[in-house]
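Adding 5 to a residue's 1-based position in the sequence shown gives its number in this note's numbering. Every residue, glycine too, gets a C-beta built ideally from N, C-alpha and C. Keep in mind that this is a model prediction, so the values were computed, not measured. Data block below; observations after.
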Amino acid sequence: MAPAAVPDKSSEGQISEVRMETAECADRLDRLTLLRSMPEAPLECQVCVVGAGPAGLMLACNLGRCGIKVEVVDDRADQTPVGRADGLQPKTIETFRQMRLADPLLQRGVRVYDIAFWRSTADEPLHRLGREVHYPPVIDVLDPYILLVHQGMVESLFIDDLKKRGVEVRRNTAFDSYSVCDNKSGPLQVNCRANVNQERKSLLTQYLVGCDGAHSKVRKSIPDAKPVGLSQPSVWGVLDGELVTDFPDIWSKTLVYSQQHGSILIIPRERNMTRFYIELKSSSKADKDQLGQEFVMQRARDIMAPFEVGWKYIEWFGRYQIGQRVASRFCDNHHRAFLAGDASHTHSPKSAQGMNTSMHDAWNLCWKLNLAVRGLAKPALLESYDEERRKIALDLVNFDYEHANQIAGGDAAALAENFRTNVRFISGIGAEYGENPINMTESQAWVMGEAKPGCLLPPAKVTRYLDSNPVDIQLDIPMLGQFRVYLLMWDVHQSRIFLDAFCHAIASSDSLVSQLSAAASVSYAKQPRAPAPEDIYLRPERYTAVSHLFTFGLI
Numbered sequence: 006m007a008p009a010a011v012p013d014k015s016s017e018g019q020i021s022e023v024r025m026e027t028a029e030c031a032d033r034l035d036r037l038t039l040l041r042s043m044p045e046a047p048l049e050c051q052v053c054v055v056g057a058g059p060a061g062l063m064l065a066c067n068l069g070r071c072g073i074k075v076e077v078v079d080d081r082a083d084q085t086p087v088g089r090a091d092g093l094q095p096k097t098i099e100t101f102r103q104m105r106l107a108d109p110l111l112q113r114g115v116r117v118y119d120i121a122f123w124r125s126t127a128d129e130p131l132h133r134l135g136r137e138v139h140y141p142p143v144i145d146v147l148d149p150y151i152l153l154v155h156q157g158m159v160e161s162l163f164i165d166d167l168k169k170r171g172v173e174v175r176r177n178t179a180f181d182s183y184s185v186c187d188n189k190s191g192p193l194q195v196n197c198r199a200n201v202n203q204e205r206k207s208l209l210t211q212y213l214v215g216c217d218g219a220h221s222k223v224r225k226s227i228p229d230a231k232p233v234g235l236s237q238p239s240v241w242g243v244l245d246g247e248l249v250t251d252f253p254d255i256w257s258k259t260l261v262y263s264q265q266h267g268s269i270l271i272i273p274r275e276r277n278m279t280r281f282y283i284e285l286k287s288s289s290k291a292d293k294d295q296l297g298q299e300f301v302m303q304r305a306r307d308i309m310a311p312f313e314v315g316w317k318y319i320e321w322f323g324r325y326q327i328g329q330r331v332a333s334r335f336c337d338n339h340h341r342a343f344l345a346g347d348a349s350h351t352h353s354p355k356s357a358q359g360m361n362t363s364m365h366d367a368w369n370l371c372w373k374l375n376l377a378v379r380g381l382a383k384p385a386l387l388e389s390y391d392e393e394r395r396k397i398a399l400d401l402v403n404f405d406y407e408h409a410n411q412i413a414g415g416d417a418a419a420l421a422e423n424f425r426t427n428v429r430f431i432s433g434i435g436a437e438y439g440e441n442p443i444n445m446t447e448s449q450a451w452v453m454g455e456a457k458p459g460c461l462l463p464p465a466k467v468t469r470y471l472d473s474n475p476v477d478i479q480l481d482i483p484m485l486g487q488f489r490v491y492l493l494m495w496d497v498h499q500s501r502i503f504l505d506a507f508c509h510a511i512a513s514s515d516s517l518v519s520q521l522s523a524a525a526s527v528s529y530a531k532q533p534r535a536p537a538p539e540d541i542y543l544r545p546e547r548y549t550a551v552s553h554l555f556t557f558g559l560i
């Protein structure tokens, strides 16, 4: 009888080890599956901005500079590549100067100083009616021109500035909805969806701002925030490209009107391009598919005959129907969710106001949100956003309605008169706010000139007493989320008694300035402003040594 086989102990050990490793792998797999099935913890921020166009990026950029934790979500894969808005008005250029971001735009953009008018009828061939200075000397601005730059350039500036402070735009992320957690004072839960895989994501935030365009989902999520206004039946085409033409005013902003074929608004662009806004004289019932690029190019040739018009290339073609609308409200009942830019107001693009007004919505809101997040503001401060910016939006659509109709009608005299009447508003310096909790207007008998509550500080060249430096008053102090307090003296030595009394009064521990400054110091110690490499040249600590909330200038 053959002897029984004796098990190899080493083989048994190997089998046992394999079984243990298999069990461990299965356990790890179970834990990994469990982790994957668990919902991802929501991101937390203080302000969530939906939309990475000029309005959303202006807001995020300034909040980031103030040290506020901001998240930006955008449903696009990248920034604006071509087309869209292209004109910066004088006040907007000043705003970029205040942010120390203007130089790249000034280097690349095209400056337009005038506007020309041309007309043809059945009895008269196309001829020049006249020419106007766009911003005459009565409009006291540093930059008396429109600066034509592509919207993508503006977005790039903001995106680069955000990156310096560690903020990245979350691309391909679409806003779905928002809700209030727990109670009215709890955080907002913002629900988003990834475009690529439809994965759902959540953010917890103190404030939400919808800068997501004319079809804003944030606006649709705010109760009773309905766009109010009307659409006009005419359709307009837009062409960006490099022209081949013998038309003499191609380097000026020019309105060309043909009684038979309609109107063209000509805008010089960067990189030797020209933009045409071309009226198609189409009813709302027309088949828009027939109004394609070739149709629009031929319409341009018809309007500008007998001059030759051709293109080396077309970079962008678009088509739109004019609508002037303003949201019935710019925030929710609790002043936690806000609207800015095209999400709150829409109008025609021909007055070069959309990008400008949108960014100044954000400019108005950002410093108020900074103070609100830090607990340094009463609710009335955020309430003032709706009061101030909705008024400007209504002023804008009323102007735009007349302006668009006059362009379509080719009435050069009426258009020029309308422009002269509204030129301060068009430039941006004429935006005026009414009485509200931060604009006291009941005792203005003493107010002289243009420096008055609710208006912008008039531009002026002044001498800084500290170092006898001649400076532009509106550009001297950098934007650090502070109130700027200017003391203007004809003779500092003769005003010494007043200045001594003023300094002692505000330096007193029981003064409102001292109390607010003490609270601001605590806030900025816990949550400081976000540093950037250029701070070594700007030296922001020079302006915050006395107070994080106020900066004083003696001039």
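Reduced DSSP secondary structure (H/G/I, E/B, other) of residue i
i, result
"leucine 559", "strand"
"serine 288", "Here the model assigns serine 288 a pLDDT of 47, short of 50, so the residue's position is not dependable and the matter cannot be decided."
"tyrosine 325", "strand"
"isoleucine 144", "coil"
"cysteine 216", "coil"
"proline 12", "With a pLDDT of only 49 at proline 12, under the threshold of 50, the placement of this residue in the model should not be trusted; the figure read from the coordinates follows. Three-state DSSP puts proline 12 in coil, outside helix and strand."
"histidine 408", "helix"
"asparagine 441", "strand"
"threonine 126", "coil"
"proline 538", "coil"
"arginine 170", "coil"
"glutamine 94", "coil"
"phenylalanine 335", "coil"
"glycine 72", "coil"
"histidine 155", "coil"
"leucine 462", "coil"
"glycine 359", "helix"
"leucine 296", "coil"
Cα-Cα separation between residue i and residue j, rounded to whole angstroms
i, j, result
"leucine 285", "serine 349", "27 Å"
"glutamate 422", "serine 125", "20 Å"
"tyrosine 548", "methionine 104", "15 Å"
"methionine 494", "tryptophan 316", "58 Å"
"lysine 169", "valine 223", "28 Å"
"lysine 531", "aspartate 540", "20 Å"
"proline 545", "methionine 484", "9 Å"
"arginine 306", "leucine 162", "36 Å"
"valine 138", "valine 117", "10 Å"
"isoleucine 443", "cysteine 460", "12 Å"
"valine 511", "serine 526", "Rather than valine, the amino acid found at residue 511 in this sequence is isoleucine. Their Cα atoms are separated by approximately 16 Å."
"glutamate 92", "phenylalanine 335", "In the sequence as displayed, the identity of residue 92 is glycine instead of glutamate. Between glycine 92 and phenylalanine 335, the C-alpha separation is close to 25 Å."
"lysine 396", "proline 464", "23 Å"
"proline 141", "isoleucine 151", "12 Å"
"alanine 121", "alanine 342", "43 Å"
"lysine 231", "serine 516", "44 Å"
"lysine 457", "valine 314", "49 Å"
"proline 109", "valine 115", "12 Å"
"proline 354", "lysine 206", "35 Å"
"serine 288", "arginine 175", "Confidence at serine 288 is low in this model, with a pLDDT of 47, below 50, so its placement is unreliable and the value that follows should be read with caution. Going from the Cα of serine 288 to the Cα of arginine 175 covers about 40 Å."
"tyrosine 542", "valine 476", "17 Å"
"histidine 498", "phenylalanine 101", "36 Å"
"alanine 90", "alanine 127", "34 Å"
"aspartate 145", "serine 333", "34 Å"
"glycine 435", "proline 130", "38 Å"
"leucine 111", "cysteine 66", "20 Å"
"threonine 556", "isoleucine 227", "37 Å"
Beta carbon of residue i nearer than 9 Å to that of residue j
i, j, result
"alanine 382", "leucine 376", "yes"
"phenylalanine 507", "leucine 554", "no"
"asparagine 361", "threonine 85", "no"
"glutamate 392", "asparagine 441", "yes"
"cysteine 216", "alanine 60", "yes"
"leucine 64", "valine 78", "no"
"aspartate 245", "methionine 278", "yes"
"alanine 357", "glutamine 94", "yes"
"glycine 56", "serine 221", "yes"
"arginine 324", "leucine 296", "yes"
"valine 52", "threonine 178", "no"
"phenylalanine 180", "valine 195", "yes"
"valine 172", "glutamate 275", "no"
Residue i Cβ short of 8 Å to the ligand MN heavy atom set
i, result
"histidine 408", "Here there are no bound small molecules, and the ligand MN is not part of this structure."
Is the region 251-259 in contact with the region 271-283, if contact means three or more CB pairs nearer than 8 Å?
Touching, yes.
*asked:* For the structure I just gave you, are there three or more beta carbon pairs, one from the region 186-204 and one from the region 324-331, closer than 8 Å?
replied: Touching, no.
(request) Count the C-beta pairs between the region 461-479 and the region 411-425 that are closer than 8 Å, then say yes if the count reaches three, no if not. (result) Counting C-beta pairs closer than 8 Å gives fewer than three between the region 461-479 and the region 411-425, which falls short of the contact rule.
To test your reading of the DSSP string, which unbroken beta strand (DSSP E) runs of 3 or more residues are found completely within the region 185-248?
Secondary structure within the region 185-248: the beta strand (DSSP E) runs of 3 or more consecutive residues, fully enclosed, are 193-199 and 205-215 (chain order).
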